[in-house]
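In what follows, a single structure is set out as structure tokens and then discussed.
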């Protein structure tokens, strides 16, 4: 007859220690496992004494052994076997890379002290053997680092303005570049194989205007003038060959005007307006904060015209009989077109859009503004 659980009367199998139904123990517990301690401690260590009743189990200790020194402090077996380490006081260890860095800094410090004591180095830079400082002096503010300073002989100097006019012979297809951070740029094309530059400096004292350098670069087919970034406003008025190879104009805080030009044109302005009149070659003009005004004096032109502004309006006055593929877009604003041009802007969910041929189509005319309006007149 098989045995039964005394608690739930379930049948038990031979050798079963717990009831499968209620989990009650049905067999006597085995004798507790005894922990045997190693009576032969390893080299450099001593065995821990047997655990006293009520003491936490050995698994809660940092290690099973302790060093014979250091007041009984525990140390990890991993630390004892870690390679490339040097012991410090108290059992801590320092990696070799850190020791090498400290050694390098120490030797470098001694070397620097030796040089300083002999006068070869100082707080102001390297010195020669006789103690003379040879560090490079700082360049004067605004002095050209590439090119030459424009000679200002013959300039007309008044209390608040310095005006200089220069003329240079150039190739008719030369490339031109003019840059003025704080002054305006006015460029006009003519039929001469020379460039006439009028430089106007306003603000500051005569000495400050003299130190506001204008950098001149002349090379094979290249002519460039760039004003230094200074409190003095430097403006350019330029006449150059109408059919030049290329013209690039850049201003930060002033406007740009261009007229009577057939050369490829690029204009970039940060805070200022752009005005173009009778520009017949490929043209790109962009202002961040300013308007763009374009007047076409002739229906003849070559290349695409691309005019953009972020915060400003675009106004276009077309020449009679002009042909173009017009593409215009406004985000916050409106597109207005004069009657009789056959162009119909479309209001979108966001902004306005115009995509249509003018006079049967022709070279691209791209207009775009984010915050502003576009107006096309005839």
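Residue numbers (my numbering): 66 to 443. Every residue gets a Cβ at the ideal spot worked out from N, C-alpha and C, and that includes glycine. Note that the coordinates shown come from a computational prediction; the quantities given were computed from them, not determined experimentally.
Secondary structure note for residue 282: its beta strand (DSSP E) is the uninterrupted segment 279 to 284. Looking at 172, 334 and 236, the one whose alpha-carbon comes closest to that of residue 251 is 334. With fewer than 16 other CB atoms across the displayed protein chains lying within 10 angstroms of its CB, residue 172 is exposed. Between residue 373 and residue 388 the beta-carbon gap is near 22 Å, outside 8 Å, which marks them as no contact. Under DSSP, residue 171 takes part in no beta bridge, so it has no partner. Partner residues in the beta bridge of residue 394, as assigned by DSSP, are 418 and 433.
For the 7 Å CB-CB criterion, residue 336 and residue 354 form a contact. Between residue 235 and the set 218, 260, 438 and 392, the nearest pair of CA atoms involves 260. Comparing C-alpha distances from residue 273 to each of 296, 239 and 244 shows the shortest one belongs to 296. In this structure, DSSP gives residue 86 a state outside helix and strand, which the three-state scheme calls coil. For the pair of segments examined, the segment 261 to 269 was found to touch the segment 298 to 306: the number of CB pairs separated by less than 8 Å reaches three. In the structure shown, residue 267 falls within a strand segment according to DSSP collapsed to helix, strand and coil.
Rounded to the nearest angstrom, the Cβ distance from residue 300 to residue 248 is 4 Å, consistent with a contact under 8 Å. A straight-line Cα-Cα distance of about 26 Å links residue 240 and residue 356.
Pairing residue 443 with residue 394 gives a Cβ-Cβ distance that is not under 7 Å. Between residue 358 and the set 392, 364, 344 and 366, the nearest pair of CA atoms involves 344.
Less than 7 Å separates the beta-carbon of residue 86 from that of residue 75. DSSP links residue 250 through a beta bridge to 301 and 321. Pairing residue 238 with residue 341, the inter-Cα distance amounts to about 21 Å. Going by beta carbons, residue 348 and residue 363 fall outside the 7 Å limit.
The alpha-carbon separation between residue 429 and residue 386 amounts to approximately 15 Å. In the structure shown, the three-state DSSP call for residue 226 is strand. Residues of the same chain with a CB within less than 6 Å of the CB of residue 392, apart from the 5 flanking positions on each side, are 420 and 431 in chain order.
By the neighbour-count criterion, in which 16 or more other beta carbons inside 10 Å mark a residue as buried, residue 221 falls on the exposed side. Beyond the five residues adjoining it in sequence on each side, residue 215 comes within less than 8 Å, by CB distance, of 229, 231, 264, 278, 279, 280, 281 and 290 in the same chain, given in chain order. The beta-bridge partner set that DSSP reports for residue 240 consists of 287 and 311. Under the three-state reduction of DSSP output, residue 261 falls in the strand class.
One thing to note: residue 339 has its Cβ no nearer than 7 Å to the Cβ of residue 402.
Following the DSSP letters along the chain, one finds residue 333 inside the beta strand (DSSP E) bounded by residues 330 to 336. Cβ-Cβ distances below 6 Å link residue 227 to 220, 266 and 274 in the same chain, with the five nearest sequence neighbours on each side left out; the list follows chain order. The criterion of a C-beta distance shorter than 7 Å is satisfied by residue 254 and residue 326. Taking the CA atoms as reference points, residue 271 sits about 27 Å from residue 314. Taking every protein chain shown into account, the CB of residue 70 has 16 or more other CB atoms within 10 angstroms, so this residue is buried. In terms of Cα proximity to residue 380, the closest of 439, 81 and 398 is 439. Comparing C-alpha distances from residue 418 to each of 397, 217 and 287 shows the shortest one belongs to 397.
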